[in-house]
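Protein sequence lines correspond, in order, to chains U and B.
Residues are numbered in this note's numbering as their position in the first sequence, beginning at 1, plus a constant of 58.
Residues are numbered in this note's numbering as their position in the second sequence, beginning at 1, plus a constant of 58.
What follows is one structure encoded as structure tokens, with my remarks underneath.
2 protein chains.
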Amino acid sequence: MQLAKFNTYLIEKGGLTQDDLAKIEPFIKAKKIVKGDFLLKQGDICSHFFFVEQGLLRLYALNEDGKENILQFATENWIVSDRGSVYFKEPSSYYIDAFEDTLVVFIDEDFIDKVSQVNPNFRKKNERLLQNHIRHLYKRISQLLGVSARIRYLDFVKMHPDIMLRVPQWMIASYLGITPESLSRVRKSLAEENFKA
Amino acid sequence: MQLAKFNTYLIEKGGLTQDDLAKIEPFIKAKKIVKGDFLLKQGDICSHFFFVEQGLLRLYALNEDGKENILQFATENWIVSDRGSVYFKEPSSYYIDAFEDTLVVFIDEDFIDKVSQVNPNFRKKNERLLQNHIRHLYKRISQLLGVSARIRYLDFVKMHPDIMLRVPQWMIASYLGITPESLSRVRKSLAEENFKA
DNA sequence: CACATATCTTACCATAGGTCAATGCGTGTC
DNA sequence: GACACGCATTGACCTATGGTAAGATATGTG
């Protein structure tokens, strides 16, 4: 299986060398999953981090009325998981499924330990990635706390133009925390303003 | 300066021994700050993680109309910071200030490296703490996406009864993403229901 | 005590966004 | 072409929450 992106990721973000890569190659497990397949369901204990080599995954929760709240999209080079569930072996509250046929690299805690043995810098690099992830989550919370749906949408378009093109609008609405109808209205009002201007 | 809680934290959460503690003691910097003091302002580069030995800090953003959005409270045994700013040396978008007189332990990147040299397990433990933190942030996002103000409030009361008693209601409203007036109404309606029941 | 300041509540109205139902539109299938 | 399906839009109406302004309450300070 060709895992060009995962290898590049390990080199650029994880600080590994080509030599290191050769050593850890045996530990790498990847699998092709098809659109609609689940990698995690509510109640399961999440066993892996999932790196997207090619395709598109989504992480979401269901609220009491059965409505999906999309917490994250993961396209190429993204890692998605219920990290809490992996680390603390607790049942997850979330679902992860594939919205496109997706080539996924399965990363377990063990893998991180092994890579760290091969290259001790890896743990520190990994820590930086986590800190960066936390930063993004803060930004998202900050937006949800104090920013209108309209602006959140504009921000999403700017930040994730690629995802815009790959998922239906109702998923973006779910990610933004509004209904598809509301998003449609926001888009209409934006379009009208652009026309006037 | 007595740092009983920080020491306990390093032992219990960081996996250090008493011996380790003795070795790193010289690197520990703590400082008493008074109510109203800032540890971080928008535009600054955040230089430390802040461990609260005693007192109460808050992390917040200002939106365009100058309204505060409180991202996090930190009471005893909590660490708060703009981690992105620390790690990537970028200007912060946030403020951190003290709402009570607070004894703060200043932790820099260097400190983490030093402790890791003394006890190599520390880095891995630290990673777990980060993953746990991420889990909480996901929970918060999930709530903001799909849960009413009323339920978010009830959840806050259950999760943080201590903070309830130490900060004014308008700060809790800010943390929940609503106005103080709305929170007042939520509380009223809850009170009425309890009276009926 | 008189006063100032901060917080919380209440009442009234405004608005963003939700709900429901109908319609339209594009694509795939037979 | 005819139909079904998933998605997006629209309109009418509803609800939660926001905005404003006025009191009420509490606490501190001279």
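A virtual CB, placed ideally from N, CA and C, is assigned to each residue, including glycine.
Just so we're clear, the structure is a prediction, and the values are computed from it rather than from any experiment.
Item                                                                                                                         : Value
Burial state of E185 of chain U (16 or more Cβ within 10 Å)                                                                  : buried
Straight-line gap, K172 of chain B to R208 of chain B (C-alpha atoms, nearest Å)                                             : 45 Å
F180 of chain B versus S105 of chain B: straight-line alpha-carbon distance, rounded                                         : 21 Å
Stretch pair the region 138-148 of chain B + the region 95-105 of chain B: three plus CB contacts closer than 8 Å            : yes
Cutoff 6 Å; reference G124 of chain U; Cβ partners in own chain excluding five residues on either side                       : none
Completely contained alpha helix (DSSP H) runs for the region 131-186 of chain B, where each covers 4 or more residues       : 141-146, 167-176
Proximity of L188 of chain U and I230 of chain B at Cβ, strictly below 8 Å                                                   : no
For R122 of chain B, three-class secondary structure by DSSP                                                                 : A quick correction: the sequence has Glu, not Arg, at residue 122 of chain B. Here E122 of chain B sits in coil by DSSP.
Q76 of chain U - DSSP class collapsed to helix/strand/coil                                                                   : helix
K71 of chain B, enclosing alpha helix (DSSP H) - first and last residue                                                      : Taken as a continuous stretch (DSSP letters only), K71 of chain B belongs to no alpha helix (DSSP H), as it is neither H nor E.
Buried versus exposed call for T66 of chain U [16 or more other C-beta atoms within 10 Å across all chains shown]            : exposed
Contact set between the region 223-249 of chain B and chain U, restricted to residues whose Cβ is under 7 Å from the partner : G235
N- and C-terminal bounds of the beta strand (DSSP E) containing L98 of chain U                                               : 96-98
Chain-ordered residues of the region 116-140 of chain U with a beta carbon less than 7 Å from chain B                        : A119, N121, K125, N127, L129
Buried or exposed (CB count within 10 angstroms, at least 16 for buried), L114 of chain U                                    : buried
Residue-level contact to chain B via CB, S206 of chain U, 8 Å cutoff                                                         : no
Cβ pair count under 8 Å reaching 3, the region 228-245 of chain U against the region 227-246 of chain B                      : no
Nearest neighbour of F73 of chain B, chosen from B:A88, B:N177, B:K63, B:K87 [CA to CA]                                      : A small correction: the amino acid at residue 73 of chain B is Gly; Phe does not occupy that position in the sequence shown. Closest by alpha carbon: B:N177.
Interfacial residues, the region 158-176 of chain U to chain B, with Cβ spacing under 9 Å                                    : I170, D171, S174
N-terminal and C-terminal residue of the alpha helix (DSSP H) that Q227 of chain U is part of                                : 227-234
Closer than 8 Å to chain B by CB, Y145 of chain U                                                                            : yes
Assigned secondary structure, K93 of chain B (DSSP; H/G/I helix, E/B strand, else coil)                                      : coil
Inter-residue spacing [alpha-carbon to alpha-carbon] between L161 of chain U and D95 of chain U                              : 12 Å
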